[in-house]
Amino acid sequence: MSKQYDPAWEHALTVVQEVQPPSIPAGAHAMTVVIDYPPGSAGAPPHRHPSGPAFGYMLEGEMLFELEGEPPRVIRAGEAFWEPGGDVIHYSDGNNRDDTRCRFTVTMLCVPGQPMLVLVDEEELAARAYLRVAAESGTSA
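Right under this line is the structure:
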């Protein structure tokens, strides 16, 4: 490997997302994972990240992404997404396509000793149904 630096290094960076999360826990524990769903996979059941935000990037394919309080939307390869964590329910992270896999990476932050992800039961989903936003008409979600 060369000891020389690439003179174009300053132009190698592309910002894909800038957000201001509600908070990052003091002494946060971070975990980065890659999720790989086969064609047509419904993905994980409804869940939340109770003590910190999660930041993601689509590597391949398309994901149907739905957070409580927002309409479902499709995230495509090369796009970033995030969720604030805390009490917000993440309804969908399923593969939006039946003909190809979808792969994405997620970095989750949480309070040490706390779970990164907690599933939401049917009773809570029913009690919070009024917070779910329907898909906008004319969208591909």
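The numbering used here numbers the first residue of the sequence shown as 2 and each following residue consecutively.
Positions of the beta carbon are idealized from the N, C-alpha and C atoms, including for glycine.
**OP:** Please report the residue range of the alpha helix (DSSP H) in which E123 lies.
**Re:** As a position in the sequence shown, residue 123 is number 122, starting the count at 1. Start and end: E123 to A128.
**OP:** Count the other CB atoms, across all protein chains shown, that sit within 10 Å of the CB of Y6; report buried if there are 16 or more and exposed otherwise.
**Re:** Your numbering for residue 6 matches position 5 in the sequence shown. Y6 counts as exposed, since fewer than 16 other beta carbons sit within 10 angstroms of its beta carbon.
Original post:
In three-state DSSP terms, what is Y131?
Top reply: Walking along the sequence shown from the start, residue 131 turns up at place 130. If DSSP states are grouped into helix, strand and coil, Y131 belongs with the helices.
Original post:
If V134 sits next to E71, beta carbons under 8 Å apart, how far is it from one beta carbon to the other, in whole angstroms?
Top reply: The sequence position of residue 134 within the sequence shown is 133, counting from 1. The sequence position of residue 71 within the sequence shown is 70, counting from 1. Correct: roughly 6 Å between the Cβ atoms.
Original post:
I think G95 touches M64, with their Cβ atoms under 8 Å apart; what is that distance to the nearest whole Å?
Top reply: Looking up residue 95 in the sequence shown gives position 94. Looking up residue 64 in the sequence shown gives position 63. Yes, G95 and M64 are in contact; Cβ-Cβ is about 7 Å, under 8 Å.
Original post:
From T106, D88 and A130, pick the residue whose C-alpha is nearest to that of P51; which is it?
Top reply: The residue labelled residue 51 in the question sits at position 50 within the sequence shown. With respect to the C-alpha of P51, the residue from T106, D88 and A130 having the closest C-alpha is D88.
Original post:
What first and last residue would you give for the beta strand (DSSP E) that runs through H50?
Top reply: Position 49 of the sequence shown holds residue 50. Element bounds for H50: n/a, residue is neither H nor E.
**OP:** Using the Cα positions of T33 and V107, report the straight-line distance between them to the nearest angstrom.
**Re:** Indexing the sequence shown from 1 puts residue 33 at position 32. Indexing the sequence shown from 1 puts residue 107 at position 106. Distance between the alpha carbons of T33 and V107: 5 Å.
Original post:
To the nearest angstrom, how far is it from the Cα of V35 to the Cα of Q21?
Top reply: As a first step, residue 35 must be located in the sequence shown, where it is residue number 34. As a first step, residue 21 must be located in the sequence shown, where it is residue number 20. Looking at the two C-alpha atoms, the distance is approximately 23 Å.
**OP:** Determine which residues share a DSSP beta bridge with E63 and list them.
**Re:** Sequence index remark: in the sequence shown, residue 63 carries index 62 (1-based). DSSP, once it has assigned bridges, lists R77 as partnering E63.
Original post:
So which of G86, Y58, P116 and A45 has the shortest CA-CA distance to E80?
Top reply: Taking the sequence shown and counting its residues from 1, the one referred to as residue 80 is at position 79. Comparing C-alpha distances from E80 to each of G86, Y58, P116 and A45 shows the shortest one belongs to Y58.
Subject >> For E61 and R103, believed in contact at Cβ under 8 Å, the rounded distance >> reply: Here residue 103 refers to the residue found at position 102 of the sequence shown. Here residue 61 refers to the residue found at position 60 of the sequence shown. It is Cys, not Arg, that sits at residue 103 in the sequence shown. Between C103 and E61, the beta carbon gap of about 6 Å places them in contact (Cβ cut-off 8 Å).
Original post:
Anyone know if the C-beta pair for P46 and L120 falls short of 8 Å?
Top reply: Translated into positions along the sequence shown, residue 46 becomes position 45. Translated into positions along the sequence shown, residue 120 becomes position 119. Between P46 and L120, the gap from beta carbon to beta carbon is short of 8 Å.
**OP:** Report the partner residues of L68 according to the DSSP bridge assignment.
**Re:** Residue mapping note: residue 68 aligns to position 67 of the sequence shown, counting from 1. Answer is H91.
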